[in-house]
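Trainee: Would you mind keeping the following structure in view while I ask a few things?
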Amino acid sequence: MAYSELIKNFQRIRNYMREFYVYGLKSREEYRLKSARSYDNERRRIESWIGSYMSFRQDASGKTVFLSVDSRHIPHNPLHRAFKAKSFTDKDITLHFYIMDLLDGGGVLSTREIAGGIHDRYLSRFSGAFFPDESTVRKKLREYEALGLLRSEKRGREVFYQRTDNPAFRLDAWADALAFFSEENPLGVVGSFLIDKLGSPSDAFRFKHHYILHALDSDILCDLLLAIDGQRAVELAVKSLRSGRDYRRTVCPLKIYISTQSGRQYLLGYHYSSRHMVFFRLDAIQKVTAGNVEKHYSKYLEYQEKFDRHLWGVSTGPDYNLDHIEMTVHFGPEEEFILRRLQREKRHGDVERLDAETCRFSADVYDAAEMLPWLRTFMGRIVSLRCTSQAVEDLFREDLARMEALYGGGGDAVQ
Amino acid sequence: MLFSEIYGSYFQTVAEVLAEACDGTLTERRMTELVREKAFAESALTIPSALKSEAWPLLDGEYRSVLRHKPTMPLTTLQRRWLKALLSDPRIALFAPDAAGLEDVDPLYAQDSFVFFDRYADGDPYEDPVYIQCFQTALKAIRENRKLRVRFHGRTGGRHSIVCIPCRLEYSSKDDKFRLLTAGTGRFGTVNMARLRSCELLEPFDPKSAAPPQGHSEELVLLLHDERNGLERVLLHFSHFEKETVKLDDGLYRIRLRYDKDDETELLIRVLSFGPVLEVKAPAAFIHLIRSRIQKQSRYLREDAT
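Protein chains in written order, with my numbering: chain A, 3 to 417; chain B, 58 to 363.
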């Protein structure tokens with residue numbers, strides 16, 4: 003099949019874009035996901051969509067392509083463009099403009115009248131053009147009704163269609179909100195579609211700590227949000243990010259957990275078989291299939307509320323038991339900001355002031371090991387660390403010893 | 058269905074081409090210009106030829122549209138439901154968009170469908186009328202290229218009043234805060250919106266003469282020892298920076314990333330959070346800061362052990 007910059011299926015390009023953006027390590031020869039030709043095509047497509055953000059490096063292992071962008075300096079997520087590259091047929095695009103035009107101005111027409119209008123008004127002017135039959139037109143009208151572009155009404159044996167324009171709605175009044183939420187909302191790609199309809203989009207915003215990669219999972223997120231809204235069980239097709247193993251899980255989807263400090267997104271669902279709350283990374287989910295309405299949805303939501311009270315991040319630990327942890331922190335006379343840091347970053351647990359320059363943070367969480375990265379951000383101030391999981395205390399000390407070794411122990415020389 | 062051609066660049070670009078054709082102003086050259094401007098880099102090879110060859114029979118031989126109207130399209134259900142869901146976001150108060158036309162629409166999701174589990178708890182006060190007024194005034198100033206007088210309390214509590222050229226509003230999801238980025242105000246280049254007490258629109262300025270503030274960019278060089286899934290964790294965590302990663306050996310990578318010198322302390326603790334997985338190789342001043350914290354921490358733990 004001839005190369006096209008448009009794509010039918012999003013999954014393969016999703017993998018390549020993640021590789022180029024997050025890692026940017028592999029040369030052409032190292033891509034074993036597909037053939038070299040497939041790699042060439044995907045790289046060429048991505049270059050066509052967002053070439054100005056791509057970089058290249060040539061070394062002994064070959065040419066390496068990577069996506070590098072400081073997301074603080076750009077108004078729009080370039081990865082959204084991948085969602086604007088869906089392939090279509092000549093018939094699709096032609097019928098789209100004909101149908102929208104025929105029904106423009108509030109007209110109400112039957113399937114037969116639309117099919118006739120397409121022939122008489124437009125196609126009769128072209129000698130070699132295709133002539134869609136009524137069933138092709140009917141299929142397209144139903145598709146557009148499902149998308150919400152048209153509404154239908156049955157009169158006798160005929161179905162009549164009308165556009166769904168609402169003159170009361172003014173998209174231009176949303177320009178600034180769209181500029182903000184198209185980047186900040188987890189499903190911001192929808193805002194990006196809307197911005198494309200604006201004559202003069204807003205350029206008022208920039209975003210710090212802005213993780214743009216999640217946009218590639220928008221399709222999965224959208225399906226999950228629809229299932230959550232409909233309180234429906236879902237079957238997930240998952241590909242393990244570490245082992246590459248494919249598996250399926252049937253869960254009751256409850257919440258989307260999002261890390262603002264890594265951009266990772268997770269589904270929290272009740273897994274029927276294991277009878278446990280389970281997290282799934284959205285970038286590992288390949289497909290979501292909605293199932294039946296869950297009659298006990300509110301009961302599972304109550305489980306989630308209780309469960310959340312002792313979650314630090316998204317780990318439940320090996321056995322769903324709680325670890326108790328206490329960290330005593332020292333701060334100087336001019337360092338009250340440390341107290342404020344603890345208060346705003348602690349998520350759960352308590353902060354207790356012990357004296358003018360010392361305070362203690364304590365919490366009960368499912369997996370205290372998950373807290374280690376945060377605890378290390380107080381390095382240089384931790385007077386003592388106690389945890390019911392001895393492994394957590396040990397790891398903190400071992401890591402500190404290794405860091406001392408890395409940076410030259412007690413010496414002052416810079417390597 | 059989110060991945061659909063009706064949201065695609067091709068449909069959007071062809072609509073713009075047809076709109077110009079309806080005006081009678083379309084030429085072959087203009088069509089190519091529009092495609093280059095609106096679509097993808099290689100679209101100029103496909104869209105004009107499909108229109109000219111009548112594979113997409115939408116233009117006649119004189120570059121006139123066969124349609125009766127300029128192309129338009131209603132919002133899809135997905136778009137309407139997404140907009141309706143935004144109305145429940147507390148930050149929508151800052152924009153106060155006209156919600157007319159969305160009355161009978163079901164929101165796509167409830168606001169509490171999302172849990173931002175590591176977002177800081179001291180976010181901006183989006184319901185405070187003074188905050189909303191300052192935000193909207195600043196936004197208007199940016200939109201209309203007008204100077205601003207802002208009055209605010211500094212970090213130490215001191216009161217300030219400055220005239221500034223507003224460039225952008227910068228938002229951090231982690232901090233849940235907006236900052237006003239300004240030009241020509243010396244040390245007050247960035248002001249937290251939550252600190253503003255008042256905001257007053259002043260005279261227009263020439264946007265060409267007001268360059269947005271450029272941070273003092275530095276390069277951080279890190280060695281990554283890939284253990285405990287460190288490669289993925291580190292690269293995702295720092296993915297919002299401009300960076301380059303090179304594999305040096307099995308399980309050993311070098312990362313170069315550019316950062317704003319003003320954010321050095323924040324970056325320092327982010328590097329520390331990865332423990333021995335990350336090793337700073339440059340700049341020297343950054344290594345000194347890391348070493349100092351490690352040495353202090355070691356002393357505390359030795360004291361604790363005795």
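Glycine included, every Cβ here is placed at the ideal spot set by N, Cα and C. Since the structure is predicted, the reported quantities are computational estimates derived from the model, not experimental observations.
Taking 7 Å as the limit between beta carbons, can you name the residues of its chain near residue 259(B), skipping five residues before and five after?
Mentor: So the list reads 203, 204, 205, 206 and 220, once near-sequence residues are dropped.
Trainee: Residues of chain B with a CB under 7 Å from the CB of residue 45(A): which are they?
Mentor: Neighbours of residue 45(A) on chain B: none; closest Cβ ~13 Å, over 7 Å.
Trainee: Is it the case that the Cβ atoms of residue 280(A) and residue 236(A) are separated by a distance below 7 Å?
Mentor: Not closer than 7 Å, so no.
Trainee: Smallest Cα separation from residue 308(B): which of 117(B), 100(B) and 282(B)?
Mentor: That would be 282(B), whose Cα lies nearest to the Cα of residue 308(B).
Trainee: Looking at chain A, is there any beta carbon in it that lies within less than 7 Å of the beta carbon of residue 69(B)?
Mentor: It does: the Cβ of residue 69(B) has a partner Cβ on chain A nearer than 7 Å.
Trainee: Under 7 Å between the Cβ atoms of residue 138(B) and residue 165(B)?
Mentor: Cβ atoms of residue 138(B) and residue 165(B): closer than 7 Å.
Trainee: With a threshold of 6 Å, establish whether the CB of residue 78(B) neighbours any heavy atom of the ligand ZN.
Mentor: The ligand ZN is not part of this structure, which contains no ligands at all.
Trainee: Rounded to whole angstroms, what is the Cα-Cα separation between residue 311(B) and residue 279(B)?
Mentor: Roughly 6 Å between the two C-alpha positions.
Trainee: Count the CB pairs spanning the region 165-182 of chain A and the region 199-218 of chain A that are closer than 8 Å, and state whether there are at least three.
Mentor: Counting Cβ pairs under 8 Å, three or more are found: they touch.
Trainee: Take the Cβ of residue 98(A) as the centre, count every other Cβ of all protein chains shown within 10 Å, and call the residue buried at 16 or more, exposed below.
Mentor: By the neighbour-count rule (16 or more Cβ atoms within 10 Å), residue 98(A) is buried.
Trainee: In the region 112-134 of chain B, which residues sit with their C-beta less than 8 Å from some C-beta in chain A, listed in chain order?
Mentor: From the region 112-134 of chain B, only 112, 113, 114, 115, 117, 123, 124, 125, 126, 128, 129, 130, 131, 132, 133 and 134 have a Cβ closer than 8 Å to chain A.
Trainee: Of all Cβ atoms in chain A, is any one closer than 7 Å to the Cβ of residue 214(B)?
Mentor: Not an interface residue.
Trainee: Roughly how many angstroms lie between the CA atoms of residue 403(A) and residue 360(A), to the nearest whole one?
Mentor: Distance between the alpha carbons of residue 403(A) and residue 360(A): 24 Å.
Trainee: How long is the line joining the alpha carbons of residue 59(A) and residue 38(A), rounded to whole angstroms?
Mentor: C-alpha separation (whole angstroms): 18 Å.
Trainee: Keeping to the same chain, check which residues put their C-beta closer than 8 Å to that of residue 250(A); ignore five residues upstream and five downstream.
Mentor: Taken in chain order, the residues that qualify are 237, 238, 239 and 240.
Trainee: Taking 7 Å as the CB-CB limit, is residue 406(A) close to chain B?
Mentor: So yes, residue 406(A) belongs to the interface.
Trainee: Express the C-alpha separation of residue 154(B) and residue 335(B) in angstroms, rounding to a whole number.
Mentor: Rounded to the nearest angstrom, the two C-alpha atoms are 45 Å apart.
Trainee: Whose CA, out of 289(B), 121(B), 210(B) and 304(B), lies closest to the CA of residue 252(B)?
Mentor: Here the closest residue by C-alpha is 210(B).
Trainee: Assign residue 108(A) to one of three DSSP states: helix, strand, or coil.
Mentor: Coil at residue 108(A), not helix or strand.
Trainee: Can you check the region 120-167 of chain B for any alpha helix (DSSP H) of at least 4 residues that lies completely inside it and give the ranges in chain order?
Mentor: List check, alpha helix (DSSP H) in window: 134-143.
Trainee: Measuring straight from C-alpha to C-alpha, what distance separates residue 491(A) and residue 401(A)?
Mentor: Nothing in the structure corresponds to residue 491(A), since chain A is present only between 3 and 417.
Trainee: What did DSSP end up calling residue 132(A) once you bin it into helix, strand or coil?
Mentor: If DSSP states are grouped into helix, strand and coil, residue 132(A) belongs with coil.
Trainee: Alpha carbon to alpha carbon, how far is residue 356(B) from residue 320(B)? Give it in angstroms, no decimals.
Mentor: Between residue 320(B) and residue 356(B), the C-alpha separation is close to 27 Å.
Trainee: If you draw a straight line from the C-alpha of residue 365(B) to the C-alpha of residue 326(A), how long is it?
Mentor: Since the first and last residues shown for chain B are 58 and 363, residue 365(B) lies out of range.
Trainee: Compare the C-beta of residue 155(B) with all C-beta atoms of chain A and state if any pair is closer than 7 Å.
Mentor: Yes, residue 155(B) lies at the interface with chain A (some Cβ there is under 7 Å from its Cβ).
Trainee: Figure out for me which residue from 128(A), 117(A) and 129(A) has the closest Cα to the Cα of residue 135(A).
Mentor: Nearest C-alpha to residue 135(A): 117(A).
Trainee: Measuring CB to CB, does residue 262(A) end up less than 7 Å from residue 231(B)?
Mentor: Yes, the pair counts as a contact, with Cβ atoms nearer than the cut-off.
Trainee: Pick out whichever of 230(A), 132(A), 15(A) and 346(A) has its Cα sitting closest to the Cα of residue 114(B).
Mentor: Out of 230(A), 132(A), 15(A) and 346(A), 132(A) has the C-alpha closest to the C-alpha of residue 114(B).
Trainee: Return the CA-CA distance between residue 76(A) and residue 218(B), expressed in angstroms with no decimal places.
Mentor: Going by the C-alpha atoms only, they are around 30 Å apart.
Trainee: Cβ closer than 7 Å: which chain B residues qualify as neighbours of residue 224(A)?
Mentor: The answer, in chain order, is 59.
Trainee: Check whether the Cβ atoms of residue 319(A) and residue 268(A) lie closer than 7 Å to each other.
Mentor: The answer is no: Cβ separation not under 7 Å.
Trainee: Starting from residue 365(A) and walking both ways along the beta strand (DSSP E), at which residues does that stretch end?
Mentor: Its beta strand (DSSP E) spans residues 360-367.
Trainee: Give me the Cα-Cα distance between residue 24(A) and residue 285(B), rounded to the nearest whole angstrom.
Mentor: Those two C-alpha atoms are separated by around 17 Å.
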